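What follows is one structure encoded as structure tokens, with my remarks underneath.
Protein chains: 2
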Amino acid sequence: MEAQLFVKMVLSSWNTQYAELWKLLDQLSDEQLQNETSPGRNRGIYLLGHLVAVTDGMLPLLDFGPRMYAQLDGIFVHLPDKSGQEMPTATTLKSNLKEINEVLSTSFNNLPAEQWFSRHTAVSEFDFISQPYRNKLNIIINRSNHMAYHVGQLVYLLK
Amino acid sequence: MEAQLFVKMVLSSWNTQYAELWKLLDQLSDEQLQNETSPGRNRGIYLLGHLVAVTDGMLPLLDFGPRMYAQLDGIFVHLPDKSGQEMPTATTLKSNLKEINEVLSTSFNNLPAEQWFSRHTAVSEFDFISQPYRNKLNIIINRSNHMAYHVGQLVYLLK
Numbered sequence: 031m032e033a034q035l036f037v038k039m040v041l042s043s044w045n046t047q048y049a050e051l052w053k054l055l056d057q058l059s060d061e062q063l064q065n066e067t068s069p070g071r072n073r074g075i076y077l078l079g080h081l082v083a084v085t086d087g088m089l090p091l092l093d094f095g096p097r098m099y100a101q102l103d104g105i106f107v108h109l110p111d112k113s114g115q116e117m118p119t120a121t122t123l124k125s126n127l128k129e130i131n132e133v134l135s136t137s138f139n140n141l142p143a144e145q146w147f148s149r150h151t152a153v154s155e156f157d158f159i160s161q162p163y164r165n166k167l168n169i170i171i172n173r174s175n176h177m178a179y180h181v182g183q184l185v186y187l188l189k
Numbered sequence: 031m032e033a034q035l036f037v038k039m040v041l042s043s044w045n046t047q048y049a050e051l052w053k054l055l056d057q058l059s060d061e062q063l064q065n066e067t068s069p070g071r072n073r074g075i076y077l078l079g080h081l082v083a084v085t086d087g088m089l090p091l092l093d094f095g096p097r098m099y100a101q102l103d104g105i106f107v108h109l110p111d112k113s114g115q116e117m118p119t120a121t122t123l124k125s126n127l128k129e130i131n132e133v134l135s136t137s138f139n140n141l142p143a144e145q146w147f148s149r150h151t152a153v154s155e156f157d158f159i160s161q162p163y164r165n166k167l168n169i170i171i172n173r174s175n176h177m178a179y180h181v182g183q184l185v186y187l188l189k
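One line per chain: the protein sequences are A and B, in this order. Plus 30 on top of the position in the first sequence (first one is 1) and you've got our numbering. Plus 30 on top of the position in the second sequence (first one is 1) and you've got our numbering.
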């Protein structure tokens, strides 16, 4: 019962950040997403792609299945903005994000509470013995903060 | 045991955000904090004061004691930036934050894991029966996201 409550608290925090991101995306035109969030800083489209790539990366990390859009890492994780690489459109990235989130949501709902406290796939069985906090639920806590950080920047694209 | 682990995960997420904030503050001069984080947006000093006020507000919310700097709410929570109100200096705000954090840290360490799942003071006993996630630990989850959001903006003050 208690584990169920923990999981609910953390997933609710993730869902809140995800909803904030969409509230914002729904207000921003594709042209606005091409703007820098502040002079000389990352553009909206880059931060959007970055969030899509990082969210996609949660699938194998949580053992929910293979990456759906691993190719995005090259542009949006390993390279900085304005690297000269061709980027997918905002429409494509938003549609990718929705697809990833459908798989994530289904997997979130199907994972029994206790299993959220099992190790994520980037930690070894051996290390997990002494570092039991490196579990699946912890990924959600960290990724919620990561999303909040970038939503704080994307909000500057609003007029 | 599980409750202890969960508390540790959430406090660690808060501590990470708090450390990120200080890593940034330590790199920013008082002059830089007077700058807008993006043209027309909140200045660094306002966001700093806002974070100090909101962190101070956690004390009564978590039943850790009275507010230490309640007067900051007037300038940094109820009013927007550039309201014309006189502001404390960055040095004063940073010192306030350190004092608040000392009380918070001590209280964090002294609170038994199970008590983190008791209601925070802004929810009634009645509502808590049906909304058990409105507990003290949930405040920490939410405030970590809130801090990450504004750290994402403050980082734009760096050259």
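Positions of the beta carbon are idealized from the N, C-alpha and C atoms, including for glycine. Note that the structure is a prediction, hence the values are computed from the model and not measured.
*Going by DSSP, which residues form a beta bridge with Glu66 of chain A?*
A:Arg73
_Minimum length 4: unbroken alpha helix (DSSP H) runs contained in the region 123-161 of chain A_ = 155-160
*Is Asn140 of chain A buried or exposed, if buried means 16 or more other CB atoms sit within 10 Å of its CB?*
exposed
_Which residue marks the beginning of the alpha helix (DSSP H) containing Lys189 of chain B, and which one marks its end?_
Element bounds for Lys189 of chain B: n/a, residue is neither H nor E.
*asked:* Tell me which residue opens and which closes the alpha helix (DSSP H) that Lys53 of chain B is part of.
replied: Glu32 to Leu55
*Figure out for me which residue from B:Gly70, B:Trp52, B:Ser43 and B:Lys166 has the closest Cα to the Cα of Tyr186 of chain A.*
B:Gly70
_Own chain partners of Leu41 of chain B with C-beta closer than 7 Å, once the 5 adjacent residues on each side are dropped_ = Phe138 and Ile170
*Ignore the nearest five residues each way along the sequence and tell me which others in Thr151 of chain A's own chain have a CB closer than 8 Å to its CB.*
Pro90, Leu91, Leu92 and Asp93
*asked:* Assuming the contact rule is C-beta atoms closer than 8 Å, Asp190 of chain B and Tyr99 of chain B should be a hit. Round their C-beta distance to whole Å, please.
replied: Past the boundaries of the shown model lies residue 190 of chain B; chain B is included only from 31 to 189, so the question cannot be answered.
*Tell me whether Gly95 of chain B is buried or exposed, calling it buried when 16 or more other Cβ atoms sit within 10 Å of its Cβ.*
exposed
*Leaving out five residues before and five after Asp60 of chain A in sequence, what residues of the same chain have Cβ atoms less than 8 Å from its Cβ?*
Thr119, Ala120 and Thr121
*asked:* Counting only beta-carbon separations shorter than 8 Å, does Glu32 of chain A have a partner in chain B?
replied: yes
*Cβ of Arg71 of chain A less than 8 Å from any chain B Cβ?*
yes
*Look at the Cβ atom of Leu134 of chain A, then the Cβ atom of Met88 of chain A, and state whether they are nearer than 8 Å.*
yes
*Hey, quick one: how far does the alpha helix (DSSP H) through Arg173 of chain A stretch, first residue to last?*
Lys166 to Leu184
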